[in-house]
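In the numbering used here, the protein residues as written are 670 to 945. From the three backbone atoms N, C-alpha and C, an ideal C-beta is built for every residue, glycine too.
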DNA sequence: GGGATTGTTTAAAT
DNA sequence: GATTTAAACAATCC
């Protein structure tokens with residue numbers, strides 16, 4: 670489940686390995702991994718040079734000469750990586766880009782929820798999902814953050830995970846940021862105080878930065894561009910820790926479902942406001 | 001084999 | 001129409 674820090678780590682690792690190289694050949698093992706027409710996809714990529722690797726929200730984007738954008742969404746189990754020389758594609762390798770000199774990019778995805786697509790700049794900008802993405806959480810100022818959340822009636826956790834509100838946050842970092850800010854996931858945004866909004870903004874940026882420094886989280890099977898696991902899962906305070914003691918107060922952590930997602934929190938440190 | 005897992009899309013409800 | 005919520009979907013593992 671790669672979220673912002675994981676995709677950021679992948680992009681940073683991938684960049685020096687592929688930038689300046691050219692896509693010599695394409696092996697599309699599993700055509701359904703391509704969003705849109707797979708023949709056109711292959712035709713578009715052939716012979717194209719790679720100029721940059723970047724991230725927007727949870728999307729991994731390779732900028733190609735043309736210009737053209739090779740866009741990956743990794744969803745649950747997607748991996749984009751450059752294997753060591755001699756490593757053969759695995760059972761879940763759906764796409765192989767041959768960059769020459771025995772350098773390859775593999776796109777693996779065990780659960781097959783992820784996808785890849787090749788879009789022109791115009792197509793990328795007119796893609797509804799992309800166009801409607803909210804601001805990057807690490808760039809949003811407190812004023813911006815407050816502006817997009819204040820006054821909304823939805824539960825704060827739902828808003829944090831809504832890509833149209835703010836981009837790149839998933840279940841892990843939503844739970845962690847809410848815990849650090851001492852806010853119950855079911856709190857209506859409209860009920861948050863100015864101090865709580867400020868704390869949430871600060872802690873959200875904090876947890877994302879720390880996770881990026883740790884190379885992302887490797888809960889389940891995330892791997893970076895070199896196939897190496899990240900370390901941030903060791904820093905999880907609440908995510909996936911239902912029933913374990915809270916690191917602050919030792920109360921057993923609880924779990925509830927918020928907008929269809931399991932949400933771990935501390936019933937004491939993140940008590941619901943009893944305001945009438 | 002049912003349930004859990006994910007982020008996004010779509011539809012329904014408010 | 002805007003906002004919010006719930007269900008559906010993709011595929012696989014345990």
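| Check | Outcome |
| --- | --- |
| Assumed close pair residue 802, residue 857 - CB separation to whole angstroms, cut-off 8 Å | Contact flag wrong, Cβ pair sits at about 24 Å. |
| Whole-angstrom C-beta distance between residue 718 and residue 734, which should lie under 8 Å | 4 Å |
| Span separating the alpha-carbon of residue 838 from that of residue 698 | 31 Å |
| Helix, strand or coil at residue 935 according to DSSP, with G and I counted as helix | coil |
| Backbone secondary structure at residue 834 - three-state DSSP | coil |
| Own chain partners of residue 742 with C-beta closer than 7 Å, once the 5 adjacent residues on each side are dropped | 727, 728, 783, 784 |
| Residue interval of the alpha helix (DSSP H) (run including residue 764) | First-last for residue 764: 762 to 767, but that is the beta strand (DSSP E), not the alpha helix (DSSP H). |
| Three-way DSSP call (helix, strand, coil) for residue 816 in this model | helix |
| Exposed unless 16 or more other CB atoms sit within 10 angstroms - verdict on residue 822 | exposed |
| Proximity to residue 680 [Cα-Cα], best of 751, 746, 704 | 751 |
| Counterpart residues of residue 880 in DSSP-defined beta bridges | None, per the DSSP bridge assignment. |
| Nearest candidate by alpha-carbon position, reference residue 762, set 720, 701, 800 | 701 |
| Spatial neighbours of residue 711 in its chain, beta-carbon cut-off 7 Å, leaving aside the 5 residues before and after | 695, 697 |
| Distance, residue 820 Cα to residue 676 Cα | 31 Å |
| Given residue 808 as reference, the closest of 829, 672, 835, 851 once Cα atoms are compared | 835 |
| Touching by the beta-carbon criterion (3+ pairs, under 8 Å), the stretch 908 to 926 and the stretch 870 to 880 | no |
| Reduced DSSP category for residue 929 - H, G, I as helix; E, B as strand; rest coil | coil |
| According to DSSP, residues forming a beta bridge with residue 962 | Nothing in the structure corresponds to residue 962, since the chain is present only between 670 and 945. |
| Residue 695 - containing alpha helix (DSSP H), residue span | Residue 695 -> not in any alpha helix (DSSP H); beta strand (DSSP E) instead, spanning 694 to 697. |
| Candidates 937, 765, 816, of which the one nearest residue 848 by Cα | 937 |
| Counted within 10 angstroms of its Cβ, other Cβ atoms place residue 827 as buried (16 or more) or exposed | buried |
| Beta-carbon proximity of residue 806 to residue 934, cut-off 9 Å | no |
| Distance CB(residue 755)-CB(residue 771) smaller than 9 Å | yes |
| Where residue 713 falls, given that 16 or more other Cβ within 10 Å makes a residue buried | buried |
| Buried or exposed (CB count within 10 angstroms, at least 16 for buried), residue 876 | buried |
| Local Cβ density within 10 Å of residue 635, reported as buried at 16 or more and exposed below that | Past the boundaries of the shown model lies residue 635; the chain is included only from 670 to 945, so the question cannot be answered. |
| Sequence-distant residues of its chain with Cβ nearer than 8 Å to residue 920 (five each side left out) | 914, 935, 936, 937, 938 |
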